[in-house]
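All residue numbers for the sequence shown refer to the UniProt record's numbering, where the first residue is 1 and numbers rise by one. Where a beta carbon is used, it is the ideal one built from N, C-alpha and C, also for glycine. This structure is a prediction, so every number in the text was calculated from the model and none was measured. These notes are about the structure you will find just below.
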Amino acid sequence: MAGHQHIDVGEWANRFALLSDSTRLSVLTHMHEHPGATVSELAEAASITENAASQSLRALRSQGWVTTTKSGRTVHYRIVPDAIVHRILHDIMGAEHTDHPAHEH
């Protein structure tokens with residue numbers, strides 16, 4: 001087929017598996033609405049323990065979707081702006097930015 005791109009089905013299955021977990025999806029959506037949130041803020045927003053939030057964040061970071069910055073001893077979490085999950089949140093889930101400036105896609 002002309003112009004046919006190979007789709008890595010296994011990679012997409014891994015992405016969707018990460019998103020199929022309601023805890024991780026809740027953490028991601030809260031992080032999207034509140035970039036720079038801490039583990040405790042994400043745990044509270046998702047109604048989970050900080051340990052569960054940390055486990056979710058580890059999985060999301062290993063996928064390359066989440067980045068961190070440190071302020072003293074506090075770690076702040078953000079979605080990587082050009083990560084595919086950011087497009088999924090906008091294009092498929094209809095997420096919008098409410099408390100921070102709009103950005104370019």
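Leaving out five residues before and five after LEU57 in sequence, what residues of the same chain have Cβ atoms less than 8 Å from its Cβ? VAL27, VAL39, LEU42, VAL66, TYR77
Rounded straight-line distance, which links the Cα of LEU89 to that of GLY64: 15 Å
With ARG15 as the anchor, note down where its alpha helix (DSSP H) starts and where it stops. 9-19
Can you say whether ILE92 is buried or exposed, counting buried as having 16 or more other CB atoms within 10 angstroms of its CB? exposed
With a floor of 3 residues, list each beta strand (DSSP E) that falls wholly inside the stretch 32-82, ordered by position along the chain. 66-71, 74-79
Pull up the distance between the alpha-carbon of PRO35 and that of ALA17, whole angstroms please. 23 Å
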